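**Q** First the structure, then my questions, so here it is.
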Amino acid sequence: MAVTDVTEKSFVDEVLMADGLVVVDYWADWCSPCKQLSPIIEELSGEYGQVKFVKVDTNSNPNLAAEQGILSLPTLQFFQGGRVAKSLSGGKTKNALKKAIDELL
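Counting with the working numbering, you get residues -17 to 87 for the letters of the sequence shown.
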């Protein structure tokens, strides 16, 4: 399953109204840890077919990042039923992300 780009306009439909677990990756092109995390997110999207993975470019969607309380990058939010069930900030290993996902499934 591919990682979908989400914007301020599509966030409600793609994340808040989605069924199941949705992992939102907040990133920016100037953020080195974001660039390191991106291929891990891509890999996980292939391994977890039942989980939806999306990313938000905070440069293009600053209001969305502010609304969601994103204070540092990268930040991952795990949504279930339209609510944040878990949030992680900073660079993470693939195993740490798998553990977080498995806890919520």
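All C-beta atoms, glycine included, are put in the ideal place defined by N, C-alpha and C.
Note that this is a predicted model, so its numbers are computed, not measured.
Less than 9 Å between the beta carbons of L26 and V33, yes or no?
**A** For the purposes of this step, residue 26 is taken as the residue at position 44 of the sequence shown. For the purposes of this step, residue 33 is taken as the residue at position 51 of the sequence shown. In this structure, V33 lies closer than 9 Å to L26 by Cβ.
**Q** Rounded to whole angstroms, what's the CA-CA distance from G2 to G63? Just pull it up for me.
**A** Within the sequence shown, residue 2 is the residue found at index 20, counting from 1. Within the sequence shown, residue 63 is the residue found at index 81, counting from 1. Taking the straight line from one Cα to the other gives about 7 Å.
**Q** Give me the residue from V4, D11, C16 with the minimum Cα distance to K74.
**A** Numbered from its first residue, the sequence shown carries residue 74 at position 92. Ranking V4, D11, C16 by Cα distance to K74 puts C16 first.
**Q** Short of 6 Å in beta carbon distance, which residues of its chain neighbour F60, apart from the five on each side in sequence? Order them along the chain.
**A** For the purposes of this step, residue 60 is taken as residue 78 along the sequence shown, with counting starting at 1. Excluding sequence neighbours, F60 sits near V5, A67, K68, L86.
**Q** How big is the Cα-Cα spacing for P44 and L(-2)?
**A** For this step, residue 44 is matched to residue 62 along the sequence shown. For this step, residue -2 is matched to residue 16 along the sequence shown. Computed Cα separation, rounded: 18 Å.
**Q** Just tell me which of D7, W12, G31 has its CA closest to the CA of P21.
**A** Here residue 21 corresponds to residue number 39 of the sequence shown, with the count starting at 1. Per the Cα distances, D7.
**Q** If you count every other CB in all the chains shown that lies within 10 Å of the CB of A(-16), and 16 or more means buried, which is it?
**A** On the sequence shown, residue -16 is found 2 positions in, with the first residue counted as 1. Result: exposed.
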